[in-house]
Each structure stands twice: as structure tokens, then as C-alpha cells.
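Q: Here it is: the structure, laid out below.
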Amino acid sequence: MTTPDVESPPPSDEEQPTQPTTVDSGAAAVIAALEQAGVTTVFGVQGGAIMPVYDALYDSPIRHVTMAHEQGAAHAADAYGIVTGEPGICLATSGPGATNLITGIADANMDSDPMVALTGQVPTGMVGNDAFQETDTIGITSPITKSNYFADDETTVGDVVGEAFELARSGRPGPTVVDLPKDITNAETDRHPRQPRLPDTYRPASRADSEVVSAAAHALERAEKPVILSGGGVIKGEASDELRAFAIDHEIPVVTTMPGTGSFPEDHELAMEMAGMHGTGYANMAITHCDYLLAIGTRFDDRLTGGIETFAPAAELAHIDIDPAEISKNITADYPLLGDAATVLEQLDNELSGIPHADEWREQCQRWKAEYPMDYQWDPDGPLKPQYVVEQFDELTPSDTIVTTGVGQHQMWAVQYWTYTQPRTWVSSHGLGTMGYGLPAAIGAKIAAPDREVVCFDGDGSFLMTAQGLAVAVREQLDITIAVLNNAAVGMVRQWQDAFFEGRHSASQYPWIPAFDKLAESFGAQGFAVERHDEVESTIEAAISTDGPTVIDFHIDPDENVYPMVPSGGDNGKFALSEDQL
Amino acid sequence: MSQGLQGPPPEDRPDPGAKRTPSGARIDPDNQPEPPRRRVILSALVKHEPGVLAKVAGLFSRRQFNIESLTVGPTAYERHARITLVIEETEPGIDQAQKQLEKLIPVISVTELDGDAVDRELALIKVDGDHPDAISAVADMYDGQAVDVSAETVTVEITGPEPRIDAAIETFERFGIREVVRTGTAALAAGPQETAPGHVAGLTDPTDT
Ligand SMILES: Cc1ncc(C[n+]2csc(CCOP(=O)(O)OP(=O)(O)O)c2C)c(N)n1
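Shown next, in the form of C-alpha cells:
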């Protein structure tokens, strides 16, 4: 372990302005619209076509966090949006700047995270001519945004930004893009943007149909094996408190989806934790055998359902969702409850007279917890177990600590072996499964919640994809800890190769990776390396007590696998507990 | 190799004794078959702005809805356009297409048209002009007319519901078809019924910016 000379961030050459922007150009209108929407921080990278916007930003009280790569700007904005509940903002220039955002925008779209991406564009007169750094950003982002806007009028560009912001945060959140041609942002205008408002065609539902509510409630009263499935929509809809009260009052076991992690406290008796491909055995038993499923804010992703034919096959489904297109998309709802999660839970609660008579079921759920414990096997002197690392971190950090992750085995251990008790503490890439999400997400999360501990569990493969973000974390002196669960492989791929490709390790071994502690030091972060269980606790403590970013390179057991596991399209109730059961 | 976790193996676990269909419906004991496909006309009123058609077309291809035709054109109100889609889908597929369409921000409303809706398609059929009299007789049969005649070819215009166009094209094949162009179906709801409601707050107010 070495202590690098980390200087405090270079003082900015200018004091941060405090006065709101006076509109004198399209670009200033863009910035004024952000200020008016309450935006305080944006993430981005400079470039030709976005320069007018950056010039206007220079005089704004909005803090700009310069990122090392636009993908990082998008993920940081995404995580900022998850932690705060308000859209994270990212900026990029046209062409490669915009295309570098794409992964992050697609990620936000899959996970319904509120985000606004502002992209520079070539001047309107040159659009379509294959001008320097021209890409069809609107065309490219249409399938991966909630909506997108080509701003072609300097007098309304601020209104458009306001609408994009409002749309991103409302109803089912999601990313929006405003493409900003340089002549529009450069043009003179003194028109101050109007207050942000939703497009007139967008009217998310609030209360569900009362007849369906009462039918769903009566069916729940009759249920003998009820389960609640709590999805990411519960967190986004700020309904975690209502969910907790509802489940506890009516004594209904709660299973979560991965994005729903933290919506119900995992230390509660009724918590069955995550279901699906790498969900707990007890969650998958509960969801497979329930006779009534109250699903809230979930889109029944295939990683959750496994094969549709065997997903909660005997359950009547009541589905609360704010997006009508999610109801009966993958699983047919017997009780479609279109509306806001908190509101509909309250409606249901009002219709219920007591708790379902399901004592035997509640006991069964507890028996499954005992039958399928998440106890991994380890030897204190043996190879370092990643599950142990995750548990130790959980022990040594406060309960409101924010966890971010890359994608792979480490992500699954991070969700399985950490006890999440609060919403907005789990920040991960679910639907898109984006390796490289973890570090930029930790940057965004820390800036969103500077007083909270932020831990990024990363894989060696994932970390390599966006490691340049360390430069940003050092410059901003962000007090984050990156725990690389290093198995010198893209471990999840290696696990699948062992299970489904006869152990043929095609392109999955990474013996060529750098020493991450040294890499961190070269960036000016603090680096640690750990190989033994008895070093884990003291190293975590040292890392946490260090100001500024730290990287711990945990050399974990390269053969460790993630279980339980339901193979793609498999039967959740037949989850494998070891490779020979696959 | 990693040892995995403890617990009863899959073969020792209870079976829920039920199944869903591949489209996610619970299977009743008296077994419901997968729903058949149905041909429907969806009419969407949309904001008349650049990119709307691309968004609608992109949606249908991306979500693999079976689309037979798509037409777009202005309406009497300059800020609106109407898109008419003919799709062939199962019942859940039709619902899903309609919901996804409604979700697009520039889309104002979407209606599945009833069987009594007025629907028309226009086709131009260019055939070898060797038998002009026979061609105009067949055109008459389909209430069509010759709209272009050259030494070698005759082009006939036919308007009608899609099956009639299909039938006409088949009949004209005997003359030797050189080229065909079809517009796809345009449709309006029958009687005073509004095809797709357009009274959205703020939108129809011409002073709105
Ligand atoms: C950007 C991207 N590329 C490829 C993949 C496919 N993939 C899924 S998991 C995985 C392995 C990740 O390896 P690592 O980050 O080292 O994590 P580990 O599984 O070893 O914990 C890969 C390659 C992906 N999810 N994202």
C-alpha cells in the first residue's frame, strides 16, 4: 500500500457564479431552462457543436462536472437521477460525443431512469449534408428514449428543454434527448423560457379503476398464498413507505425484482428478497407457488420470469403500473391496475378489511428461507470469497450507503450478499446490463449525495471499460470506494462457458489486466490490493477512512460461481444450487 | 470448482401443477388455445411535425408487429396528421400495438376502427396495352378507369377496399402487368362517430405556441 500525493482539486480559476442566467441567445435559453427546472449539476464533455451551450454555462450557477468520456457522463447523470429522483443531465457535442452517450441513454431507457441528454448538432443549414461530426442523433436515439426533440427555433429552445425535463421525470420516468443545432444556440433571443410543462399529449394515470381495485382486493382477501412483487416502479413512484406499510399490515411476503432492491427492507421477516435468474431460492419458491401475485411497477423482464409458461403459473395477477403498455405485455394481468403505485396501494388498502388467511403460507415462506439459505462455503485460509467481501463492506458501512456495480458475477454477489433496507441505495444497470456502469455511476451518486458513503463493486472486465473516470473522481476529490472483485476473467461468461459450453474458455480469461491498485495510484487515487480474508476488514476500514477515491483490488477465487441460477428461459422453481443441477 | 449452495435439489421440490401460455395467460383447466390473428385498422391522430412517421414506422418494425400498410397525410387542421395502419395480430398483439402507439409523445389518440368503418385504397395498375377494350371493360367492372394510355401500355386507377384491389390486380394479370402501385388503406369511422379524438387541451387552440 502506498500513499500517493493527492492534491486537493485545483481551485477553479473563476468563482462559481450565483446569478441566474440572463437570456441573450438560444444557448442561454437552454441554460436558463435548466436553472428554472431546478438543475444544479450537469455532466459532460466539450466539443464544437455544443460550445455555445458551454459558453452560456460559464456564467451559470449550475455546476458542470467534466467527464473523461461521454459514456461516463451519461451513466453519472443516470445514477444522479436514481439517487435524487430528478433527471440527471448530460451534455455532449455532435457526432462522436452524441454516439458515446448512446449506451448510457439506452441504459436509462431500459431502467426507466430520469435523464436529459443535451447534444450539440451541426447548424440546421448543414443537417443532412454529412457535415463534420454530423450524426442523425434524433434517428439514433428514437428507439432508446422516452421522446426526443430537434430544437429548430431559438425562441422556443428553452421551452423544449423544459418540456424534455418534465417529461423525463413524470409518469414512468425515462431519458429524453434535445438535439441543439449550433446556429440555434448561437442565435440571439431574449425570450426567457416558460415554466417547464409536460407535452399536452402526455397524461399519466393516477388512480386505478375503482371496480378493478375492489375486485383485486377481494381476490387478495380470498388468497391463500399471496405474494407481493415489488419492482423498480415502487422506488421511482416514491411508494416504498406505502409498500412497506401495506405488506406489513396485511402480512404479505414481499419478493423484489433487481431494480426493486431497497423498496422493502431485506432485514424484515416478510422479505423474500430478489427473484429470477440469480434470485434467492426462497423468492423463487414463493413466486412459483403463490396463488395471488400483486406486482407493482415491474415489466416482467425475462431475467425475472425465466420461461413465461412456468412463471407464477397458478397465480392470479394484479398488476399496478403507470405505463399501460406494460400491463399484460409479458404476463396477462387478471386485475390491470393502471395508476400511480402509491395511490393504487392506498386504494387497495381502503378496500381490504383484513389480512389474507394465509398463515400456513407465511410459515411455508419461512421454511423455504431455512431450506435454501444463501450460505456460501468458505475457508478463512482458502481463496478469497467475493461474498465475504460484500458482507464485510455491508457490516462496516452505514445503512444508507449507496452501492453501484458493473455487470457480471460481482453485480449478483453485490445484490445477494448486501442487506438493502432503503430505496435508492442500489444503483445498477439492470435491463441493459452495461459493463462499465459502476464507476461513473459512483461519481454521479456521490455528487448527488455527498454526505453518504458510496461503494462501487466492480468486475475487472467492467472496471476496465470506464476506468478513465478515476481521473474525474480524483479531480473532484470524491470520497468513493471502488471494490474490484478481480477474478482475472469476465467471470459471468466463464461461468456460462463451464455450464453450457463444455468449459471452453473462449476469450473469457483476462490474465493481461493491470494491477488495479497501481492503476489507481497513477491516477492519484489511493490503491490497495487484498488476497486474504484476514486483510479484508482492515483494508475496507482504511479505504473508507481515506478522503478521496480509493480502489481495492480484491483477488478473489477465480472459480467462484453465482448461485442460485435459473438458466435463460428456465423454470424459476427449478433453480440450480450448483453446476451439476443445471 | 465452486461448491454452490445448500438445499433440496430441483427434483425434490414440489410442482405448482399449473402453466401459462407462451403469451403469459394462465391456462384454464378447460384449456384456451392461443388466440388467432385478426386484421384490424388502427387510426392515429398525430401532431404534424417532422419525424412522426419515422417514430411510428420505427416502433412497428422494432416491436415486430405485423404491418400490412401504413398511410399518412394531413387533416383539415394543419397541425394534425392522420396515420392509418392495417395490422394483422392476435388480440393481445393488437392491444399492445395500440398501447405502444399511444405512448409515442407526438401521438394524440389511437382508435381501432369498427367493421363498419369506411376504408379505401387506391391502386394504379400498368398493363400491356394490346387489348384496350378488354382492359376498359375490366376497369369498369371494378369502377376504375384508364388514366394513362400509350402505344404500349394502359394504366388503370382502381379505388376500393383492399380485397377489391387484390381482386382487380388478379384480374388484370391476364393482360400482363408491368407495374403496380398501391397507397395502402385510408379509413374513417362510419357516421358521426369521430375516428380518433383530437380535442386535447391546449392543442387545438391556434394561439398556443
Ligand atoms: C458492455 C458489455 N459488454 C459485454 C457484456 C457481456 N457480459 C456480461 S457479464 C460479462 C462479464 C463481466 O466480467 P467482469 O466485469 O470481470 O465481472 P465478473 O463477471 O467477473 O464479476 C460480460 C462480458 C456486457 N454485459 N456489457
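Each protein sequence line maps, in turn, to chains A and B.
Using this note's numbering, the first residue of the first sequence is number 1, and each one after it goes up by one.
Using this note's numbering, the first residue of the second sequence is number 1001, and each one after it goes up by one.
Here a beta-carbon is modelled for each residue, glycine too, at the ideal position from N, C-alpha and C.
1) Closer than 8 angstroms between beta carbons: that is the criterion. Which residues of the region 374-393 of chain A meet it against chain B?
2) Is A/Ala473 closer than 8 angstroms to A/Met339 when the C-beta atoms are compared?
3) Name, please, each residue of chain B whose Cβ falls closer than 9 angstroms to the Cβ of A/Thr332.
4) Who are the neighbours of A/Gly139 on chain B, taking C-beta pairs under 9 angstroms?
5) Whose Cβ in chain A lies nearer than 7 angstroms to the Cβ of B/Val1107?
6) If I measure Cβ to Cβ from A/Phe300 and keep anything under 6 angstroms in the same chain, skipping five residues before and after, which residues do I get?
7) Can you say whether A/Ala77 is buried or exposed, counting buried as having 16 or more other CB atoms within 10 angstroms of its CB?
8) Taking contact to mean at least 3 C-beta pairs separated by less than 8 angstroms, is the region 471-486 of chain A in contact with the region 430-448 of chain A?
9) On the premise that A/Val157 lies in contact with A/Gly26, defined as a C-beta separation below 8 angstroms, what is that separation, rounded to the nearest angstrom?
10) Return yes when at least one heavy atom of ligand 3 lies under 7 angstroms from the C-beta of A/His410, else no.
11) Could you tell me the distance, in whole angstroms, from the CA atom of B/Thr1075 to the CA atom of A/Glu221?
12) Here's a check: name, in chain order, each residue in its chain whose Cβ is nearer than 8 angstroms to the Cβ of B/Ser1150, leaving out the five neighbours to either side.
13) Could you check which residue in A/Gly279, A/Glu316, A/Val160 and A/Ala168 has the C-alpha nearest to that of A/Tyr372?
14) Within 8 angstroms of any Cβ in chain A, is that where the Cβ of B/Arg1082 sits?
15) Rounded to the nearest angstrom, how far is the Cβ of A/Ile402 from that of A/Arg362, given a contact under 8 angstroms?
16) For the region 539-551 of chain A against the region 334-352 of chain A, are there 3 or more C-beta pairs whose distance is under 8 angstroms?
17) Give a yes or no on whether 8 angstroms exceeds the smallest Cβ distance from A/Val6 to chain B.
18) Could you name the residues of the same chain whose beta carbon sits closer than 7 angstroms to that of A/Ala489, not counting the 5 residues immediately before and after it, in chain order?
19) Residues in the region 126-138 of chain A with C-beta within 8 angstroms of chain B's C-beta atoms, listed in sequence order?
20) Using only the alpha-carbon positions, how far apart do B/Thr1207 and A/Gln195 sit?
21) Please go through the same chain and pick out, in chain order, the residues whose beta-carbon is closer than 6 angstroms to the beta-carbon of A/Thr84, but skip the five residues on each side of it.
22) For B/Gly1184, go through chain A and note every residue whose CB falls closer than 8 angstroms to its CB, in chain order.
23) Look at the alpha carbon of B/Pro1050 and the alpha carbon of A/Met258, and state the distance between them as a whole number of angstroms.
24) Is there contact between the region 1163-1176 of chain B and the region 1134-1142 of chain B, where contact requires at least three CB pairs shorter than 8 angstroms?
25) Could you spell out the range, first to last residue, of the alpha helix (DSSP H) harbouring A/Asn186?
26) Hey, would you say the C-beta of A/Met565 is under 7 angstroms away from at least one heavy atom of ligand 1?
27) Per DSSP, which one or two residues make a beta bridge with A/Ala483?
28) Helix, strand or coil for A/Ala74 per DSSP?
29) Of all the residues that make up the region 75-86 of chain A, which are near chain B by a beta-carbon distance shorter than 7 angstroms?
30) Can we say the region 25-44 of chain A touches the region 54-70 of chain A, given the rule of at least three CB pairs closer than 8 angstroms?
31) Tell me, please, whether the CB atom of B/Pro1016 is closer than 8 angstroms to any CB atom in chain A?
32) Give the straight-line distance between the Cα atoms of B/Asp1028 and A/Ile105, rounded to the nearest whole angstrom.
33) If you drop the 5 nearest sequence neighbours on each side, which residues of the same chain put their C-beta closer than 7 angstroms to that of A/Asp349?
34) Can you give me the C-alpha to C-alpha distance between A/Thr261 and A/Phe457, rounded to a whole angstrom?
35) Output the distance between the C-alpha atoms of A/Glu351 and A/Ser210, rounded to the nearest integer angstrom.
36) Can you list, in chain order, the residues of its chain whose CB lies under 6 angstroms from that of B/Lys1262, leaving out five sequence neighbours each side?
A: Quick answer:
1) Met374, Asp375, Tyr376 and Gln377
2) Correcting the residue type first, residue 339 of chain A is Gly in the shown sequence and not Met. Not a contact, by the Cβ cut-off of 8 angstroms.
3) Arg1020, Thr1021, Ser1023, Gly1024, Ala1025, Arg1026 and Pro1092
4) Gly1051, Ala1054 and Gly1058
5) Thr201
6) Asn330 and Ile331
7) buried
8) yes
9) 5 angstroms
10) With respect to small molecules bound, the structure shown includes ligand 1 and not ligand 3.
11) 51 angstroms
12) Gly1129
13) A/Gly279
14) no
15) Not confirmed; about 32 angstroms, so no contact.
16) no
17) With a pLDDT of only 46 at A/Val6, under 50, the local geometry of the prediction cannot be trusted, and no value is derived from it.
18) Ser508, Gln509, Tyr510 and Pro558
19) Ile138
20) Caution is warranted here: a pLDDT of 36 is assigned to B/Thr1207, below 50, making its placement in the model unreliable, and the coordinate value is therefore given only provisionally. Their backbone Cα atoms lie some 18 angstroms apart in a straight line.
21) Ala448
22) What B/Gly1184 touches in chain A: nothing, since even the nearest Cβ is about 22 angstroms away.
23) 38 angstroms
24) yes
25) Lys182 to Asn186
26) no
27) A/Phe457 and A/Ile552
28) helix
29) none
30) yes
31) yes
32) 41 angstroms
33) Phe246
34) 16 angstroms
35) 10 angstroms
36) Nothing in the structure corresponds to residue 1262 of chain B, since chain B is present only between 1001 and 1209.
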